[in-house]
Amino acid sequence: MSAPTAPPSPALSGSSPPEPANRTTRRTPKWRRQGRAAHVFLIPWLLGLVLITAVPLLASLYLAFTDYNLLDPPTWTGLENFRRMGEDPRFWASAWVTLKYVLVSVPLQLAFALGLAIVLDRGIKGLALYRSVYYLPSLLGASVAIAILWRQLFGHDGLINSGLALLGIEGESWLQNPSTALSTLVVLNVWTFGSPMIIFLAGLRQIPEELYEAARVDGAGRWRQFLSITVPMLTPIIFFNLVLQTIGAFQSFTQAHIISGGRGGPLDSTLFYTLYLYQQGFVSFNMGYASAMAWALLVVIGIVTAIHFLLSKYWVFYGDN
Amino acid sequence: MDRRTFTRLIGAGAVTAAAAPLAACGRSASGSTEGAVRYAWWGDAVRKQNYEAALAIFSEENPDVTVRPEFADYGAFQERITVQMAGRNVPELFWIPSPQVLTYQAANLYRPLDDLDGFDLSDYPDDLLETFKLNGELNTMPRSIFTPCVRWNQTFLEEAGAELPAYDEANWTWDSLAEFLIDYSADNPQGRKGAAYCANSDMVFESWLRQHGSDLWTEDGTLGADPAALEGWFEWWERLRTAGAALELSEQEGADPEWPVVGEKVLMTLQNSNHIVDEAQQFPDYDFQQRMTPANPDATPGFRFGYLSRIAMYRETPDGSLEGAAKLLDFNLNDARMVAQTGLTVGAPANPRVLEEIRPDATADELKLLDLVDEEMQHEQRPRYEAPPGSGTWRDVMARTIEALALGNVDIPTAATQFTAEVTREIEAARR
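The listed protein sequences correspond, in order, to chains A and B.
For the first sequence, our numbering gives the first residue as 1, with consecutive numbering after it.
For the second sequence, our numbering gives the first residue as 1001, with consecutive numbering after it.
Here is the structure:
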């Protein structure tokens, strides 16, 4: 059985201005069947959204205003958890550690990724292989195995100190020194540059070659070409990577958890915000406080992202403006 | 398949998925399938394999009981079971981490164990069972015993031509041990240090406190560590560290020395007596020996103690799983084959009959454990109290305190005050 077809749209025929759509005409049996099918296909996603994301999200919003130890029913405490954050020195310590980490590791990682993408964009032989090899750390970067490897590199008897010993320098464990522990996590983050590098590489391939040719004709050197063509044309990609990597850095957890044995030491120097949140929720059983911390982080990330977008109009160049 | 059929299939799948929560109603309140028994424990990869092999023996002999092993490392175990508690989905049988005994009791997790068909209590002395009750109820069972100890590398000691202080009341003291370690560190051919920095060794710390007339935890659920005893503990370790007789935290990768890292660097560690079973195997060329902790002549009587680790059955174990869980508990605690398969990494068996049965087949290092536990348990012991709810993070607090101390950020009195304040705050928060 074939469904009745709708009359040709005037807009498509180009004969006259479009008329308001006739609702009875559009809701044909075929349309209704297709609508039903669409809804059926949407059900699995909808179930996932509701059960796995929306419900826990709303539950954590409620818990943020309660005292909940996972064992007894939550009791409403209003803004107490948020007030407590203000008085909790470890909360501020973790916020400061995270902020330092974001401010240092994200620009470094993006600069490293961009630099390497530019090198790889020069049409060298075996580009696909290099691309894959450089992407590997990103696949492994936040994994337990790499965090353990990091301990073997930066530990007291690790490879770095063994190398320094050859030069007559006796080093102590980089991971057990509060002045250097966070730096090792920054290095770990920079090392996982593969994902932004691939995106930069794709962006570089989109820049028209004529622009460079014209610049060369006008006598522009490589540095001038980079500053006046590559960077402006890449700003949307830089912006995209900046937003994603900033959000990811605020949420960093695994590396610090493994490398510090879950404690964020020494002296809380690697106590990332999410690690402290986790300690509160699952070690100290303060799930209400942990939920409040999670929402505070969400708000901060939202604000930082909004600032990124607001500032983007001053430095991000789109081809159509 | 046409589109309509496909759509119907998808629709049927979605309806099934939506109905899944209803299907769960056929399960027990604990979340377990009727007849199945979940067994949860912690450890390393070797212990995991050994216990799985032991559980396989049980399953072979009891095909009607489905055993579902749930293994994790120590930290992850505690975090997982916390979530399971919140979801009332706790395994039928589970080991109890020492800081959580009373937390789980407060959460009403334990089922009484003296009315179970298939679980035999006749091997256990009445006084042991009596002291093991919580609030007058036998709802956990002693699984193993271990004690605080001093362990040293006999091979290193002989290489240096050194001798430990005599092992008697007059000579085996904290002061004499400190002097020996300082001398050893100053004068041994390999340049090793006397000891790892073990101030965060909970059992040895507790032994120190008990000798000084103090308790780690009091009967009414507070931190019992006397400020003077706490400061004395830190002073003893700082004396060693500053004299070059104990490792710096950097050298041992943190407040908790990692044995593979420190095994070649030091003569001695202060820790739990059961660790010799696993750790001696990591350095098979060396001979390790161990003693009870030293004690000063004026030590408070009754300070010696052993820790009896616990196992429990979940209170909401479904009726259909009860018999199987009782059988598995019995196999776990009362069958020497279980211990023979798993070894003594968790300590000496708490069941006296099993202890005697496995002794002839124990390895040399296991015998050192058994002998030391025997020696310690023959001493008079004053009561010991379990960690109260909210104290589960006390070792993390101790680690932070030790870091601050060893890195020179605080002095000893401040470290002691901060430790006491932070642990007390956590306990009081849990009470609220």
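All C-beta atoms in this analysis are idealised placements derived from N, C-alpha and C, irrespective of residue type, glycine included.
- Of the residues assessed, D1168/B falls on the exposed side of the cut-off, its CB having fewer than 16 other CB atoms within 10 angstroms.
- With contacts defined as CB atoms closer than 8 Å, A1416/B and L1267/B fail to qualify as a contacting pair.
- Going by DSSP, S1309/B is part of the beta strand (DSSP E) stretching over 1307-1313.
- Within a 10 Å sphere around the beta-carbon of L1093/B sit 16 or more other beta-carbons, which makes this residue buried.
- Nearest CB-CB separation between V1261/B and chain A: below the 8 Å threshold.
- In this structure F272/A does not touch G265/A by the C-beta definition: roughly 12 Å separates them, more than the 8 Å allowed.
- According to DSSP, residue pairing for D1175/B in a beta bridge does not occur.
- Interface criterion not met: the Cβ of G1244/B is under 8 Å from no Cβ in chain A.
- Taking C-beta separations shorter than 7 Å and ignoring five residues to either side along the sequence, V1046/B has no partners in its chain.
- Fully enclosed alpha helix (DSSP H) runs of no fewer than 4 residues occupy 254-259, 273-278 of the stretch 247-288 of chain A, in order along the chain.
- Contact of A1072/B with chain A is not assigned, every C-beta pair being separated by 8 Å or more.
- Beyond the five residues adjoining it in sequence on each side, S1098/B comes within less than 6 Å, by CB distance, of no other residue in the same chain.
- Listed along chain A is no residue with a C-beta nearer than 9 Å to that of A1421/B; the closest approach is about 12 Å.
- Chain-ordered listing is empty here: chain B has no CB closer than 7 Å to the CB of R205/A, the nearest sitting near 39 Å.
- Taking 8 Å as the CB threshold, G168/A stays off the interface with chain B.
- With a beta-carbon spacing of about 18 Å, L1333/B and L1369/B fall beyond the 8 Å limit used to define contacts.
- In terms of beta-carbon proximity, R263/A lines the interface with chain B, with at least one pair separated by less than 8 Å.
- The Cβ atoms of Y1039/B and E1060/B lie no closer than 8 Å to each other.
- C1149/B is positioned such that its CB atom lies closer than 8 Å to that of L1372/B.
- According to the DSSP secondary-structure assignment, E1137/B is paired through a beta bridge with L1134/B.
- With 16 or more other Cβ atoms from the protein chains shown falling within 10 Å of its own Cβ, L120/A counts as buried.
- S1144/B sits in a strand when the DSSP states are folded into three classes.
- Here DSSP, grouped into helix, strand and coil, assigns Q152/A to helix.
- G1194/B is positioned such that its CB atom lies closer than 8 Å to that of I1182/B.
- It is roughly 24 Å from the alpha-carbon of S312/A to the alpha-carbon of W223/A.
- Inclusion of I238/A and Y212/A in the CB contact set at 8 Å is not warranted, their separation being larger than that value.
- Contact between the stretch 1255-1265 of chain B and the stretch 1133-1151 of chain B is absent, with fewer than three C-beta pairs closer than 8 Å.
- In this structure, T1155/B lies near D1287/B, with their beta-carbon atoms less than 8 Å apart.
- Of the residues A1340/B, R1080/B, M1292/B, the one whose Cα lies closest to the Cα of E1375/B is M1292/B.
- Annotation: G48/A is outside any beta strand (DSSP E); the continuous alpha helix (DSSP H) that includes it extends over 29-48.
- Counting only residues of its own chain and dropping the five nearest sequence neighbours on each side, M1398/B has a CB closer than 6 Å to the CB of N1200.
- Residue environment: G1390/B is assigned as buried (16 or more neighbouring CB atoms within 10 Å of its CB, all protein chains considered).
- Annotated three-state conformation of P1069/B is strand, per DSSP.
- In the assembly as shown, S1273/B is a buried residue. Its beta-carbon has 16 or more other beta-carbons within 10 Å.
- The alpha carbon of W191/A has as its nearest neighbour, out of L46/A, L57/A, L139/A, W96/A, the alpha carbon of L139/A.
- Straight-line measurement puts the Cα of E1052/B at about 12 Å from the Cα of D1044/B.
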